[in-house]
Every structure is written in C-alpha cells, then in structure tokens.
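In our numbering, the protein residues as written are -15 to 154.
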C-alpha cells in the first residue's frame, strides 16, 4: 500500500505523519508521498512499524501513483499527483510554472505564491519577480499573492516579514 493511501485511509495528514515519525522537515514527507524520494532505512523501519507492515520499501519502489491521487498533466507536459490534502488551485494547473520543477531551489511559500498568481508572476534573475508588469522582491511577490488569496477568502501564505491581510498572522 502506498504511504499516501495509508494516510488517507487512516484520516491523517502529512503533518501528523511527520510528527509521529519524528521528522523535522515537511518537505521530506512531501517528497515521499509524491514518489520523489525513498525513505532512509531508519525511517522505513518507523513507517513499517507505524503502518503495521502495510507500507513497505516495495511500495516506494513502485512508480504507480497512489489510489487516492488524481493524476493531471500540467500545461508544460509534466505529470503531477494531486493528493487529497493538496492545496492545488486551477491557476497552478494552468500555469506554465511547474512548482516542482525547481523543488530544491524555491521555497514552498514562493512556489505557492507563483502558483496563486499564475501568469501574472514571472521569475527574474537575482531572486526578483515581475508581478503584474512590475519588478518586486520575494516579499512583494508574497504580498501580491496574499492579496489574491484574501480576495478569494483562501488561506494566506505565511512568510517572515510579511503581514497577512486582515491581521491573521497565525
């Protein structure tokens, strides 16, 4: 059984799994669930114990998507698994920017901001962005994305030094 299917069937979230396995980095679990990485042997033992042997190394070696995933082809032709707890928007699916293409280089808040803004945001050299035709830094990118998310009554992006619109800074 795929780890994502086990989480789904056991009404868990990736965050809950991460805490139960004692993993500090959220992206580690994300990469496991999306088939991008195989857990180190010490974590495989923990996963096997937690799942009572329902999830094994063989499940991570199988390239098939989890049963709970919706498989989509992005505008750039890449395949993406949308898992039940994913926060994927239509803009992200239509956007030429693939949030996983530079997975190790761009932080989750920046990937989410780019996905939220879609074609309105273009990554520039030197860590700058062009949003609605104007050059801005990462904070400006997050602020613009949060304005869009606020207008759509969706959860805003937490980012150091950027206040959430409406005073919700959790």
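All C-beta atoms, glycine included, are put in the ideal place defined by N, C-alpha and C.
Report task. Measure the CB-CB distance between residue 227 and residue -14 and report whether it falls below 7 angstroms. Result -> Lying outside -15 to 154, the shown extent of the chain, residue 227 is not represented and no answer is given.
Requested in this report: For the segment 20 to 28 and the segment 38 to 52, state whether three or more C-beta atom pairs, one from each stretch, are separated by less than 8 angstroms.
Outcome: Between the segment 20 to 28 and the segment 38 to 52, the count of Cβ pairs shorter than 8 angstroms is three or higher; the stretches touch.
Query raised in the report: Hey, residue -2 and residue 69 are a contact pair by Cβ (cut 8 angstroms); roughly how many whole angstroms apart?
Result: Residue -2 to residue 69, Cβ: 6 angstroms. Contact.
Requested in this report: Would you mind reading off the limits of the beta strand (DSSP E) that contains residue 65?
Outcome: Counting along the chain, the unbroken beta strand (DSSP E) around residue 65 starts and ends at 63 to 66.
Query raised in the report: Which residues in the same chain as residue 55 place their Cβ atom closer than 8 angstroms to its Cβ, once the five residues preceding and following it in sequence are excluded?
Result: 49, 63, 64, 65, 66
Requested in this report: Compute the Euclidean distance between the alpha carbons of residue 27 and residue -5, then round it to the nearest angstrom.
Outcome: 21 angstroms
Requested in this report: Compute the beta-carbon to beta-carbon distance between residue 8 and residue 53, rounded to the nearest angstrom, for a pair I have assumed lies under 8 angstroms.
Outcome: Wrong, their Cβ atoms sit about 25 angstroms apart, outside the cutoff.
Query raised in the report: In whole angstroms, what separates the C-alpha of residue 97 from that of residue 125?
Result: 7 angstroms
Report task. Classify residue 146 as buried or exposed, calling it buried when 16 or more other Cβ atoms lie within 10 Å of its own Cβ. Result -> Residue 146 is buried by the Cβ-count criterion.
Query raised in the report: Does the Cβ of residue 31 have 16 or more other Cβ atoms within 10 Å, making it buried, or fewer, making it exposed?
Result: buried
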